[in-house]
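**Student:** Once you've had a glance at the structure underneath, I'll fire off some questions.
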Amino acid sequence: VSGPVRIGLLGRGTVGGAFLDLVGERADAIEAATGRRPEISGVLRRSEGEFEEILAASEIVVELMGGTDPAREYVLRAVREGKHVVSANKQLIAQHGDELFGAAREAGVQLRFEAAVAGVIPVIRVIQESLAATEVSKVFGIVNGTTNFILTEMAKTGASYSDALARAQELGYAEADPSDDVGGADAAAKMAILARLAFHTPVRLDDVAFEGIENVRPDDLAYAKEFGLSLKLLGVAERHTDAISVRVFPCFLYRGHPLAPVEGPFNAVIVEAPSITEITMSGPGAGGTETASAVLGDVVSIVAGKAPVHAVREQLEVFEDVGSAFYLHLEVADRPGVLAQIAAVLGDNRVSVKSVVQWGLGDDARLVMVMHESPESRFYAALDEIAKLEVLRSPPRAIRVIEEEFV
Ligand SMILES: NC(=O)c1ccc[n+]([C@@H]2O[C@H](COP(=O)([O-])OP(=O)(O)OC[C@H]3O[C@@H](n4cnc5c(N)ncnc54)[C@H](OP(=O)(O)O)[C@@H]3O)[C@@H](O)[C@H]2O)c1
């Protein structure tokens, strides 16, 4: 094949606009590298362009509209017409991946989506290509920049959740409606995509258990500092023998953990496998130019003609009762025997305590404890009992902790 590569662009917003600029800037370099010059064959917006015309004029369709409707329809049409597709749309890939990958395979075209997860960090490429021969055991990290910015701001300034969110909105790190980000749904979609690729199994969005950061309080962060802990919203996808778990939750990390220094709107992803130990990748998780750069990288890969290996091998079960370590924050009556009473409840449920710090507050005391890992069902059973104790002054606050300091 020779001559220009004709690219149809669906969506010209933050990322689409930056993509147009980048194609202009990089056209000479791409032509020099691949022998083919990228050209925009048409642009679709609500107020501009006609889909069928753009489709007919294009060899590659770049979907940067967002949402699943009409993006799903357009991507399916493009694939069935034999066009390669690049998309940055995590909701589309997470919800309709099976259908879209199937259609692409049938049509013999590529569907690439590096920018859908962790922005410009090449995590999809690393899992699909660099680690194509590796049995991945775990993929985890910070895949939402909005929440990482908010948590960093809370930890640094002592701001409340709502003040930190307002600051993120002011700086453009959070949208006017931030619910998908702060509630964990955005990270859940990205983790569903990563788990699918890493473990070669279909992962439905419903399979991902997620929690957000809306209930994190400045107190949680202040007291955790005593233990050298920092709080992150983590996505964790793990392979158990013949099952997987995919989850998103706020989590404390010790200072030595490779994700602990990842601050502000940055993202970072760690891939673990017995044969490689681990790889950590970090970088900007969003931004028009950064995301557009990942999209253009996918376009160049298609032009270069190398298709990623992607095969679903088996349907793995979802593992229910994962093990976690927890941080527990209790306000209790300052009386002799209280700590023993709480330790007894934990002991009865076979949850063991790693460390305890106690502060006096007049008649009350504050207890901050870190547990060792146990099945979550056992910890939550203990927590239910603790919540009912007469000595408790307010509902207990529990947040997960990753125990290892460094792998
Ligand atoms: N922004 C980021 O930093 C970032 C990072 C990673 C991934 N992404 C993903 O990239 C995609 C685009 O994000 P964005 O921030 O660039 O969005 P955006 O600024 O809202 O732009 C969306 C564009 O799509 C067009 N569009 C939407 N619905 C349409 C429809 N039904 N028909 C025709 N055109 C339609 C809009 O047209 P009008 O101009 O006429 O409104 C607009 O040009 C999303 O999937 C997003 O999740 C974004």
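Residues 241 to 647 in this note's numbering are what the sequence shown spells out, letter by letter.
Glycine included, C-beta positions come from ideal geometry on N, C-alpha and C.
Measure the Cβ-Cβ separation of residue 302 and residue 511 and say whether it is below 8 angstroms.
**Tutor:** Taking C-beta atoms as the reference points, residue 302 and residue 511 fail to come closer than 8 angstroms.
**Student:** Please check if any C-beta of chain D sits within less than 8 angstroms of the C-beta of residue 640.
**Tutor:** Protein chains in the displayed structure number just one, and chain D is not present.
**Student:** With respect to 7 angstroms, is the separation between the Cβ of residue 568 and the closest non-hydrogen atom of ligand 2 below this value?
**Tutor:** Ligands present in the displayed structure are limited to ligand 1, and ligand 2 is not among them.
**Student:** Starting from the C-beta of residue 293, find all residues in its chain whose C-beta is less than 8 angstroms away, skip the five residues before and the five after it, and write them out in chain order.
**Tutor:** 282
**Student:** Looking at the structure shown, is residue 526 part of a helix, part of a strand, or coil, going by DSSP?
**Tutor:** coil
**Student:** Kindly examine ligand 1 and report whether one of its heavy atoms sits closer than 7 angstroms to the Cβ of residue 308.
**Tutor:** no
**Student:** Could you tell me the boundaries of the alpha helix (DSSP H) in which residue 586 lies?
**Tutor:** 578 to 588
**Student:** Can you look up residue 455 in the DSSP assignment and give me helix, strand or coil?
**Tutor:** coil
**Student:** Give the DSSP-derived three-state secondary structure of residue 287 in the structure shown.
**Tutor:** coil
**Student:** Could you check where the beta strand (DSSP E) with residue 413 kicks off and where it finishes?
**Tutor:** Segment: none, residue 413 is in no beta strand (DSSP E) and carries neither H nor E.
**Student:** Run through DSSP, which three-state label would residue 598 get?
**Tutor:** In the structure shown, residue 598 sits in a strand (DSSP, three-state: E or B).
**Student:** Please tell me whether, using a cut-off of 7 angstroms, the distance from the CB of residue 352 to the nearest non-hydrogen atom of ligand 1 is below it.
**Tutor:** no
**Student:** Does the Cβ-Cβ distance between residue 521 and residue 568 come in under 8 angstroms?
**Tutor:** no
**Student:** Output yes or no for whether 8 angstroms exceeds the beta carbon distance between residue 661 and residue 515.
**Tutor:** Any property of residue 661 remains undetermined from this structure, which presents the chain solely from 241 to 647.
**Student:** DSSP three-state label for residue 336, please.
**Tutor:** DSSP, read as helix, strand or coil, puts residue 336 in helix.
**Student:** In the DSSP output, what is residue 441 paired with across the bridge?
**Tutor:** None; residue 441 has no bridge partner.
**Student:** Among 471, 440, 557, 463, which one has its Cα closest to the Cα of residue 452?
**Tutor:** Nearest Cα to residue 452 within the set 471, 440, 557, 463: 471.
**Student:** Can you give me the Cβ contacts of residue 574 inside the same chain, cut-off strictly under 8 angstroms, excluding the 5 residues immediately before and after it?
**Tutor:** Close CB contacts of residue 574 within its chain, under the 8 angstroms cut and outside five residues either way in sequence, are with 600, 601, 602, 603, 604, 605 (chain order).
**Student:** Given this structure, state the Cα-to-Cα distance separating residue 389 from residue 454, to the nearest angstrom.
**Tutor:** 13 angstroms
**Student:** If we call anything under 8 angstroms between Cβ atoms a contact, is residue 252 one with residue 538?
**Tutor:** no
**Student:** Please go through the same chain and pick out, in chain order, the residues whose beta-carbon is closer than 8 angstroms to the beta-carbon of residue 441, but skip the five residues on each side of it.
**Tutor:** 435, 484, 552, 553, 554, 555, 556
**Student:** For residue 276, tell me which candidate among 315, 525, 494, 247 has the shortest Cα-Cα distance.
**Tutor:** Among 315, 525, 494, 247, the Cα nearest to that of residue 276 belongs to 247.
**Student:** Return the CA-CA distance between residue 662 and residue 400, expressed in angstroms with no decimal places.
**Tutor:** In the structure as shown, the chain begins at 241 and stops at 647. Residue 662 is therefore absent and cannot be evaluated.
**Student:** Which of helix, strand or coil does DSSP assign to residue 629?
**Tutor:** coil
**Student:** Count the other CB atoms, across all protein chains shown, that sit within 10 Å of the CB of residue 531; report buried if there are 16 or more and exposed otherwise.
**Tutor:** buried
**Student:** Just to confirm my understanding: we take residue 285, look at its own chain, exclude 5 residues before and 5 after, and list those with CB closer than 6 angstroms. What are they?
**Tutor:** 252
**Student:** Is the number of C-beta pairs between the stretch 354 to 364 and the stretch 321 to 334 that are closer than 8 angstroms three or more?
**Tutor:** Because the criterion of three Cβ pairs below 8 angstroms is met, the stretch 354 to 364 and the stretch 321 to 334 touch.
**Student:** Distance check for residue 347 and residue 321, CA to CA, integer angstroms please.
**Tutor:** 8 angstroms
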